[in-house]
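Here the structure is laid out as structure tokens; the discussion comes afterwards.
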Amino acid sequence: MSTEVPTILVGRKPAMNYVAAVAMQFNAGSMKVALKARGRAISTAVTVAEIVKRMMTGIEVEKINIGTEMVGDPPRPVSSIEIILAKTA
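Just so we're aligned, residue 0 is where the sequence shown starts under numbering that gives the first Met the number 0, counting upward by one.
Next up, the structure:
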């Protein structure tokens, strides 16, 4: 199996769409799934991570990366987050 972590980009869709995508990745055999979001979608990504933790047994947050990216013209700072969820034994 590949060591690459499947990444789900969180945007404007309802949170349950992303919860279903994360669940499908774990059910397909992935041991880790990354959720990435920028700007206003950060709160949705956190919500998705919390819902997945409560709905599926043996899932926990392994790591959270936060940062700022320069986006647009003229460039302006936009916050970003990456939440890595991992299956425990």
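For glycine and all other residues, C-beta sits at the position ideal for the given N, C-alpha and C.
What does residue i pair with, by DSSP beta-bridge criteria?
i, result
"Ala33", "Thr6 and Ile83"
"Arg75", "Val70"
In angstroms, rounded to a whole number, what distance separates the CA positions of residue i and residue j?
i, j, result
"Pro76", "Glu61", "26 Å"
"Glu49", "Thr2", "24 Å"
"Val70", "Lys35", "16 Å"
"Tyr17", "Gln24", "11 Å"
"Met55", "Thr87", "11 Å"
How far does the beta strand (DSSP E) with residue i in it reach, from first residue to last?
i, result
"Met69", "Ile58 to Val70"
For residue i, verify whether its CB is less than 7 Å away from any heavy atom of the ligand GTP.
i, result
"Val32", "Ligands displayed in this structure: none; no statement on the ligand GTP is therefore possible."
Do the CB positions of residue i and residue j come within less than 8 Å of each other?
i, j, result
"Ser29", "Pro13", "no"
"Val47", "Val21", "yes"
"Pro65", "Ile83", "Contrary to the premise, residue 65 reads as Ile rather than Pro in this sequence. Against a cut-off of 8 Å, the Cβ pair of Ile83 and Ile65 comes out as no contact."
"Ala85", "Lys52", "no"
"Val9", "Ala40", "yes"
What residue range is occupied by the uninterrupted alpha helix (DSSP H) comprising residue i?
i, result
"Met55", "Where Met55 is concerned, there is no enclosing alpha helix (DSSP H), given that its DSSP letter is neither H nor E."
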